[in-house]
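Each step along the sequence shown adds one to the number in full-length UniProt numbering, with nothing skipped, and position 116 is 116.
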Amino acid sequence: MLKIEIINGEAIKQSEEKVNEVHLVYNTEYTEGDAIRITVDKPNGFYMIQLDDAIRENLVYLTDNTFTYEVPFGEKKICHSPKSFYGNCHVLFVRYATTEEIAQYRNLCLNKYDINYIESTCYPHANANVETRGESVFAAKNAINGNRANASHGAWPFESWGINRDDNAKIKVDFGRDVLADKLVMYTRADFPHDNWWVQVTVTFSDESQIVWDLEKSDSAHVLNFDKKVIRWVELSKLIKADDPSPFPALTQLEVYGVEAV
1 MLKIEIINGE AIKQSEEKVN EVHLVYNTEY TEGDAIRITV DKPNGFYMIQ
51 LDDAIRENLV YLTDNTFTYE VPFGEKKICH SPKSFYGNCH VLFVRYATTE
101 EIAQYRNLCL NKYDINYIES TCYPHANANV ETRGESVFAA KNAINGNRAN
151 ASHGAWPFES WGINRDDNAK IKVDFGRDVL ADKLVMYTRA DFPHDNWWVQ
201 VTVTFSDESQ IVWDLEKSDS AHVLNFDKKV IRWVELSKLI KADDPSPFPA
251 LTQLEVYGVE AV
């Protein structure tokens, strides 16, 4: 059974439950404290979820029976499209992912519904040791939401991972299971001259292998191809910025391409 609930504290405001695919149409404006809770009967499995009809669907890997997503308000909302979680009609769904969806070669980092906590049950999940001023527009989760717009900084559509001028900053994306990857694509923020850029980063994989990656100033994709490897996570560290007056390098998007390991 699959279930979607709109909750606020202990109160359940609306609930829908079905066997293979469940839809919930919520004809009410969200209020502060609202959250979306999904419940599945098969943890450690692949699901297609849509928690907001403006953000659309996303293939995720759930490691627990439940996952709760807080509806964002105020400062937490501005890293999202203003169309998201807005108004008095919201269409949500959860279904089992198909064999074809799971097997396809894809960006294994993509999670539009990642949450800004150290731990999550919904993968992939991004976590960093530093974020600029703790603001949502500079949170690690922004780097895996699929939005590549990098010509400015701040509120959506220019949210990014900001390192708060910390040369020891690092970001890790955990896939929650083993994947077979062979390519990394990165979009660095390119709000020049406000932004700096990295001339070198170190990519560390869960198999303990590393690649030192030399970069150039660019607003386009940085692409790194490597031999196929089975990994559970990838980390960017040792971020060396260019000799430029700006102290603000940042990451707009990190993508890892491959397939499931099994």
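A virtual CB, placed ideally from N, CA and C, is assigned to each residue, including glycine.
From a predicted model like this one, the values you see are computed outputs, not experimental measurements.
CA-to-CA, the gap between Lys-18 and Thr-66 works out to about 15 angstroms. Per DSSP, Ala-128 is one residue of the beta strand (DSSP E) stretching across 125-128.
Asp-191 and Asn-225 have their C-alpha atoms roughly 26 angstroms apart.
Cys-122 has Leu-62 as its beta-bridge partners, per DSSP. Asn-142 sits in a helix when the DSSP states are folded into three classes. Of all alpha-carbon atoms in Gln-210, Asn-196, Tyr-69, the one lying nearest the alpha-carbon of Lys-229 is that of Gln-210. The straight-line gap separating the alpha-carbon atoms of Thr-63 and Pro-245 is approximately 44 angstroms.
Taken through DSSP and simplified to helix, strand or coil, Arg-133 comes out as helix. Its chain contains Thr-188, Leu-215, Leu-239, Ile-240, Lys-241, Ala-242, Pro-249 as the residues whose beta carbon lies nearer than 8 angstroms to that of Trp-198, once the 5 sequence neighbours on both sides are disregarded; these appear in chain order. About 22 angstroms separates the beta carbon of Asp-174 from that of Tyr-96, a gap too long to meet the 8 angstroms contact definition. Judged by their CB atoms, Val-185 and Ala-261 are not nearer to each other than the 8 angstroms cut-off. By the CB criterion at 8 angstroms, Ser-136 and Cys-79 fall inside the cutoff. Selection Glu-29, Ala-151, Val-130, Glu-21 evaluated against Asp-219 yields Ala-151 as nearest (Cα-Cα).
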